[in-house]
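The letter at position 62 of the sequence shown is residue 57 when you use my numbering, and the numbering goes up by one with no holes. Idealized CB from N, CA, C, for every residue including glycine. None of the values given here were measured: they were computed from a predicted structure. Taking it in order: structure first as structure tokens, then the write-up.
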Amino acid sequence: MIKSMTAFAKVSHTLDTLTVEMTVRAYNSRSLDFSIYLPETCQGFEDEIKKIMGQLHTRGRIEIRATLTDQSLDQDLFEVDMIKAKAYYKALKTVRDSLCLSGDIALESVLGAKQVIVAAKPEVNMALLRSALCETTRAAAQAIDRMRKSEGDNLYQDLTRRISDIEQRMAGIEEQARTIPEVYKARLKERLAVLTAEDGDFFDPVRLAQETALLADKSDVSEEIVRVHSHIKMFREVMDENESQGRKLNFLIQEFNREFNTIGSKAGNAALSHAVVDLKSELEKIREQVQNIE
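The structure is reproduced here in structure tokens:
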């Protein structure tokens, strides 16, 4: 199954008081690369995120952005510094007694001291955070994988159509390739006719046959045609493999191009040359699509 390297997914997962939202974007890349942006409290979990993503993805640059919401942090939590409160109360009593003042020391007087009651700094439950982050990453990895497969189906249909088009064009190439020996023979006879007309000599038919056979052998593209058909067969087989196919298909594109160049260099007429140019144009379109395959 073909999978595209470009995709987008956004998921959210809540566990107890924690909610993790994760956005994932995937781009083309020769290898598997990550760009991960996490809240400070999640920095220690990058390796686990990469490991989870790597279970479903083997190529591409994957950009991950996560945000964290902890409902427990929204609660009004405070801490009382009893040591400071007692010390402040004692100081107030000392002042009262020293100045011979009457009356009790009010609670408000103690609470008015700075830093006696302060906002609490609750500790993050790291085990809960790890579970929430990993579950969100698994959901994001599956979501991005589904989108890659969906886009891959479209790529598969397009590549199937284009490789069939190349196969059909090759039938015309084969037909024109059969005329190459006759083309060279006609050219050779024309040239010899001009030369003999100037010298008044006649050319040797046997020598003409030998030279024609030599040129025909040099211009023979039957081996290239056979290899192209072999590449077409292999291309279809690779597209149907379960594992990553991008690198293999890209290699086959290079092999196609090599055979087409050879056929073009041996072309004996303009029509065949133009047919090869059309083939290479179609191959370039396939190459561009293959760059998107994982």
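* To do: Could you pull out every residue in the same chain whose Cβ sits closer than 6 Å to the Cβ of ARG20, ignoring the five residues on either side in sequence?
  => PHE3, GLU58
* How many Å lie between CYS298 and ILE112 at the Cα? -> Any question about residue 298 goes unanswered here, given that the chain covers just -4 to 289.
* Asked: Can you tell me the Cα-Cα spacing of LYS5 and SER26, whole angstroms?
  -> 23 Å
* Asked: Should the region 116 to 126 be regarded as contacting the region 36 to 54, the criterion being three or more beta carbon pairs within less than 8 Å?
  -> yes
* Taking ARG347 and LEU278 to be in contact with their CB atoms under 8 Å, please state how far apart those CB atoms are, rounded to whole angstroms. => This structure gives no information on residue 347, because the portion of the chain shown stretches from -4 to 289.
* From which residue to which residue does the alpha helix (DSSP H) around GLU169 run? -> 121 to 172
* **Element boundaries [beta strand (DSSP E), containing PHE73]** => 73 to 75
* Where the alpha helix (DSSP H) through HIS226 begins and ends -> 217 to 234
* Asked: Is MET77 buried or exposed, if buried means 16 or more other CB atoms sit within 10 Å of its CB?
  -> exposed
* Asked: Pairing CB atoms from the region 234 to 249 with CB atoms from the region 279 to 289, are three or more of them under 8 Å?
  -> yes
* Determine, using beta carbons only, whether ARG54 and SER7 come nearer to each other than 9 Å. => no
* What is the C-beta distance between GLY65 and THR12, in whole angstroms, given that I count them as a contact (C-beta under 8 Å)? -> It is worth fixing the name first, because residue 65 is Asp in this sequence and not Gly. About 6 Å separates the two Cβ atoms, so the contact holds.
* Of all the options GLU236, CYS95, LEU94, LEU87, which has the alpha carbon lying nearest to the alpha carbon of ALA299? -> Because the chain is modelled from -4 through 289, residue 299 falls outside the range shown and cannot be assessed.
* To do: Leaving out five residues on either side along the sequence, give the residues of the same chain with a beta carbon under 6 Å from the beta carbon of GLU254.
  => GLU219, ARG222, VAL223
* **Per-residue DSSP class, three states only, for GLU279** => helix
* Asked: Leaving out the 5 sequence neighbours to the left and right, which residues in its chain are closer than 7 Å to ALA270 when beta-carbon positions are compared?
  -> ARG164, GLY167, ILE168, GLN171
* Reduced DSSP category for VAL272 - H, G, I as helix; E, B as strand; rest coil -> helix
* Where GLU118 and GLU43 are concerned, what is the direct C-alpha to C-alpha distance, given to the nearest angstrom? -> 22 Å
* **ALA101, DSSP secondary structure in three states** => coil
* Asked: Where SER97 and VAL75 are concerned, what is the direct C-alpha to C-alpha distance, given to the nearest angstrom?
  -> 28 Å
* Output the boundary residues of the beta strand (DSSP E) element that contains GLU16. => 13 to 22
* Asked: Got a sec? Which residues, its chain only, sit under 6 Å from PHE230 by beta carbon, not counting five neighbours each side?
  -> ILE158, LEU247
* Asked: Which word fits LEU128, buried or exposed, when buried means at least 16 other C-beta atoms lie within 10 angstroms of its C-beta?
  -> buried
* Coil, strand or helix - LEU87 by DSSP -> helix
* Through-space distance from LYS109 to PHE40, alpha-carbon basis -> 38 Å
* Secondary structure at ILE258, three-state DSSP: helix, strand or coil? -> helix
* Short Cβ contact (9 Å threshold) for ALA134 with MET48 -> no
* To do: Determine the direct distance from the alpha carbon of ILE175 to that of THR334, and round the result to whole angstroms.
  => No statement about residue 334 is possible, as the shown extent of the chain runs from -4 to 289 and does not include it.
* Anticipated Cβ contact below 8 Å, HIS52 with ASP140, distance rounded -> 7 Å
* To do: Write down the C-beta distance between SER276 and GLY147 rounded to the nearest angstrom, noting that I regard them as a contact closer than 8 Å.
  => 24 Å between Cβ atoms; not a contact.
* Taking all protein chains shown into account, do 16 or more other C-beta atoms lie within 10 angstroms of the C-beta of PHE251, making it buried, or fewer, making it exposed? -> buried
* **Nonlocal neighbours in the same chain, by C-beta distance under 8 Å from LYS280, ignoring five residues either side** => ARG157
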